[in-house]
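Protein sequences appear in the order of chains A and B.
Using my numbering, the letters of the first sequence correspond one by one to residues 4 to 327.
Using my numbering, the letters of the second sequence correspond one by one to residues 170 to 478.
Idealized CB from N, CA, C, for every residue including glycine.
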Amino acid sequence: MEQAVRPAQPALPEPGTRPRQNIGYWRKYGVFYLMMAPALIVLLFNNYLPMLGSVIAFKNVNYQVGILRSPWIGWDNFDYLFRTTDAWKITRNTILYNAVFIALNLIVGVAFALMFQAMRSRRMAKLHQTMMFLPYFLSWVIITYLVYGFLNPDIGVLNKTVLPWFGVKEPVFWYTDPKWWPIILPIVNTWKGIGYYAVFYLAAIVGIDREYYEAATIDGASRWRQIRSITIPLIRPVIIVLTLLQIGRIFYADFGLFYQVTRNSGSLYDTTLVIDTYVYQGFIVTGDVGMSSAAGLYQAVVGFILVFVSNLIIRRISRDDALF
Amino acid sequence: MTSLQAGRKWRKADEISPGADILINVFFWFYTAICALPLLLVLMVSFSDEKTVLLEGYSLFPSKLSLSAYDFLLRDWLNVVRSYGISIFVTAVGTVVSLALMAMFAYPISRRDFKHRGIFSFIMVFTILYNAGLVPFYIMYTQVLHLQNSILALMIPYLVQAFFVLVMRTFFANSVPYELLESAKIDGAGEWRIFGQIVLPLSLPVLASVGLLCTLNYWNDWFLSMLFINDNIHINIQYRMYKALQDIQFLSSNASAYSAILAQNPNFQLPSETVRMAMAVVGIGPIVFAYPFFQRYFIQGLTVGAVKG
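So, in C-alpha cells, the structure goes:
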C-alpha cells in the first residue's frame, strides 16, 4: 500500500530573516503605480466608465428620473433598430465603403511604392513623395473646402468649367444626388490617406536585399518578373498585417469623411450614412437615445469581435505587430 | 537600414528603361498637380473679386483680383483670432500633457522586472479593442463631468491614446539598454531620476514622433468642439472654419449688427465665397508652412519605429 505523499511544505524561512516580499515590492515598484496613475484616471473616465454606460441601450432613458432609475426594456431598442431599413443600410454602407477603401489603399499604395522605388531621380521621387503625403495632414474640414471648390453646384470647378468642356451644360447637383458619392468618397479618402500606405510599402520594398534582384537579373528575369516574384512576395507580411488591421476596423467609419465632406446633406444619406454618423444624427441631433445607443452598442460589440479576431490572425503571421 | 533619408541607401534592382522612367515621372507630376491644385484654387479664389467669382466660378486664373476678402477678415478678426488661440493652446498644452502621461505609463510597462506589467498593458490595449461609442462618451463628459463649454473637454479625450503608449513601450523596451538602468540603480538613483535623466533623454525620437502625431490630432480636431461647445467663444479654428462654410454669418463677431446692416441696406453683400476661401487659407496656412519641416520626422517615425497601422 502506498503511503499518501505529503505535499511539499514551503521551505521555512531561514532563521534570522523574514519574508519581506510585500513591503519590498511596494518600496521598489510603488513609484510605478504613481507614474501610471494619471493615465489610469484618464482611461477610467474616458474609456472604462463609459463602457458601463452601454447599458443605456437596454433602457428607456428618461432624463427626469435619471439613467439609473429609467425603466429596463431589454432588447426593445434593438428590435426597433433592426426592424427599420436603416440598420441594414448603414451596415451595408459602412462595410462596403471600408472594403473599397482597403482595396484602394492596397492597390494604389503598393503601385505608388513600386513606382517611387523605380524612379531614377531620387530628388524627384522625394519631391513627389512629399506632395503625395501633404493631404494626409489636412483636416477633414479643410478637405471639405477643397471638395466644395470642385462640387459647388453654381460656381464649382466641375460644374462651371470642367463639365462644359465635355459638352455637359446642365449642372450636376452633387450635394443632393446620392448616386455620385460611392465614387467621390473613395477618391477623396484615397487622395487623403495614400501617403501613409505608400510610405509603409516603400519602406518595406526598400528593405529587400539587393542580392535577390542581382541574382534574378543574372538569371535573365525581366523587371516585371522580378516585381512579381521577388518584391511582392517579400512584402507580403507587411501587406497582410496592414490589410488585416484595416479589416479589423471595418465596422468603424471615419466620421470626418462621411460627415464633413458630404456636408451632412440629408438627401445623400442613402449612400453616405454610416453607423458612426447614424449614431451621431440619432443621438445629438434627433435626441433618440434608444436607437442610437442600440446602434452604438451593436457597433462596439461587432467591432470588438472583428478587431479581436483579426488581431489573433496577425499574431500568427507577425507576432511583433499584434496588439497582444 | 531602411532609412529613406540617405538617398544612397536606396537600391534598385536594375535601372528601368528611360521610357518607363519618363512615364512614371509624368504620372507623378500629374498626381502632384492633383495634390497641389485644390490648395492653389482656394488660394486664388481668396484673392479674387467676389462678383467675378460669382459670374465665372472658381478659377485658378481669376480675371479680377481683390483683397476684399482679407480686408473683411481683418476688420472682424476677433473670432478668428480667438479660435486660433484656442487651437494653439489646446494643441500645445494637450500635446505636452499627453506625452507626459503616456510616457509615464509606458515606462513601467516596458520594464521587464515589473511583475504586473501584463495587467496594465492589457488595461491599455483593451481600450483599442472595445470602444463604448458616442452615446456613453457624450453622457460622461456632459452629465457626469459637466465639461460642456470647457476647454478641458477639448483636451482630455485625446490625452491617452493606447496606440501611442504601445509605441512608446516598444521603444523603451528595445532602445533603452536595461544595463544602463541597472547601473544607475546601483549608483543609487531612484526610479523618477532614472526616468527623467536617463530614459527620457534617450527617447527623444519616439517622443518627437508621437508628439507630432498628437499635435496633428489636436490641431485637426473639430469633432470635440462640435460635441461639447455651445457658446461662440471656446471653439477651435477648425470648427469655426466648418461653421463658416455652413453660414458665413458665423464669421462675424456681431451677428446682430450684421443683421441690422442688412435690414438697412439689403444690397449689402457679404463677399461670402471669397471670404470663405480666405478663411480656408487662414486655416490651412500654418500646416502648409510647417509641413516641409516636420514631414521628414514624421516619415522617419513611421518607418523606423514600430508604428504599423
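Cβ of residue i within 8 Å of any chain A Cβ
i, result
"B:C383", "no"
"B:Q407", "yes"
"B:Q464", "yes"
"B:E351", "no"
"B:M410", "yes"
"B:F197", "yes"
"B:W179", "Only weak support exists for where B:W179 lies, its pLDDT of 45 falling under 50; the value from the coordinates is given anyway. Yes, because at least one Cβ of chain A sits closer than 8 Å to the Cβ of B:W179."
"B:I468", "yes"
"B:W361", "yes"
"B:I257", "no"
"B:T171", "The pLDDT assigned to B:T171 is 45, lower than 50, so where the model puts this residue is not dependable; a value taken from the coordinates is nonetheless given after this. Cβ-Cβ to chain A under 8 Å: yes for B:T171."
"B:I398", "no"
"B:Y347", "no"
"B:G454", "no"
For residue i, the residue or residues it bridges with in DSSP
i, result
"A:W75", "A:K62"
"B:L234", "B:S217"
Own chain residues within Cβ distance below 6 Å of residue i, not counting five before or after
i, result
"A:I250", "S313"
"A:D291", "G285"
"B:C383", "T264, S267"
"A:Y151", "none"
"B:F333", "M271, V379"
Within chain A, partners of residue i - CB distance below 8 Å
i, result
"B:N194", "M122, S124, M127"
"B:T201", "L130, H131, M134, M135"
"B:L471", "Y199, V202, F203, A206"
"B:I308", "P53, G56, I59, I70"
Residue i at chain B interface by Cβ criterion, 8 Å
i, result
"A:M341", "For residue 341 of chain A there is no data in the structure shown, the boundaries of chain A being 4 and 327."
"A:A218", "no"
"A:A303", "yes"
"A:F254", "no"
"A:L300", "yes"
"A:L3", "In the structure as shown, chain A starts at 4 and stops at 327, and residue 3 of chain A therefore has no counterpart that could be examined."
"A:F61", "no"
"A:R322", "no"
"A:G290", "no"
"A:G112", "no"
"A:F307", "yes"
"A:F258", "yes"
"A:F176", "no"
Where residue i meets chain B, residues with beta-carbon distance less than 7 Å
i, result
"A:S142", "N389, W391, Q407"
"A:T147", "L414"
"A:S57", "A301, P305"
"A:F136", "Q464"
"A:V312", "Result: empty, since nearest Cβ-Cβ is about 11 Å, beyond 7 Å."
Under 7 Å by beta carbon: chain A residues contacting residue i
i, result
"B:Y253", "Under the 7 Å cutoff, chain A gives no residues; its nearest Cβ is about 14 Å from B:Y253."
"B:F283", "Y32, F35"
"B:Y239", "Per Cβ cutoff of 7 Å: no residues; B:Y239 is ~16 Å from chain A at best."
"B:A449", "I145, Y148"
"B:F289", "M39"
"B:L328", "V45"
Neighbourhood of residue i by C-beta, 7 Å cutoff - its chain only, sequence neighbours within 5 removed
i, result
"A:N63", "S73, P74, I76, G293"
"A:V310", "G251, R252"
"B:S394", "L323, I404, N405, Y408"
"B:V450", "V211, L212, S215"
"A:R319", "none"
"B:Y411", "W391"
Proximal chain A residues relative to residue i, where beta-carbon distance stays under 9 Å
i, result
"B:T296", "L46, N49, N50, Y51"
Neighbour list for residue i in chain E, Cβ cutoff strictly below 7 Å
i, result
"B:Y276", "No chain E is part of this structure, whose protein chains are labelled A and B."
Contacts around residue i, its chain only, beta-carbon distance under 8 Å, and the 5 residues preceding and following it disregarded
i, result
"B:A377", "Y466, G470"
"B:A269", "none"
"B:R251", "I402"
Listed by chain order, chain B residues near residue i by CB distance under 8 Å
i, result
"A:L326", "V294, I297, L298, L335"
"A:F286", "L303, V304, Y307"
Going along the chain, which residues of the region 151-173 of chain A sit with their C-beta nearer than 9 Å to a C-beta in chain B? Y151, G152, F153, N155, D157, I158, G159, V160, N162, K163, T164
If contact means a Cβ-Cβ distance below 7 Å, which residues of the region 24-53 of chain A contact chain B? Within the region 24-53 of chain A, contact with chain B at the beta-carbon level (separation under 7 Å) is assigned to Y32, V34, F35, M38, M39, P41, A42, V45, L46, F48, N49, N50, L52, P53.
Please list the residues of the region 260-284 of chain A that have a C-beta atom closer than 8 Å to any C-beta atom in chain B, keeping them in chain order. Q263, R266, D279, V282, Y283
Which residues of the region 261-272 of chain B have a Cβ closer than 7 Å to any Cβ of chain A? Give them in chain order. L270, M271
Of the residues that make up the region 200-228 of chain B, which ones have a beta carbon closer than 8 Å to any beta carbon in chain A? Y200, T201, I203, C204, A205, P207, L208, L210, V211, V214, V222, L223, E225, G226, Y227, S228
Pull out every residue of the region 193-205 of chain A whose Cβ sits closer than 8 Å to any Cβ of chain B, in chain order. W194, Y199, V202, F203, L205
Using Cβ-Cβ distances below 7 Å, what residues of the region 310-326 of chain B are close to chain A? L314, I325, P326
Relative to chain A, which residues along the region 364-377 of chain B have a C-beta separation below 9 Å, given in chain order? Across the region 364-377 of chain B, CB contacts with chain A closer than 9 Å involve F364, in sequence order along the chain.
Given a limit of 8 Å on CB to CB distance, which residues of the region 67-83 of chain A reach chain B? Contacts with chain B (Cβ-Cβ distance below 8 Å) from the region 67-83 of chain A involve I70, listed in chain order.
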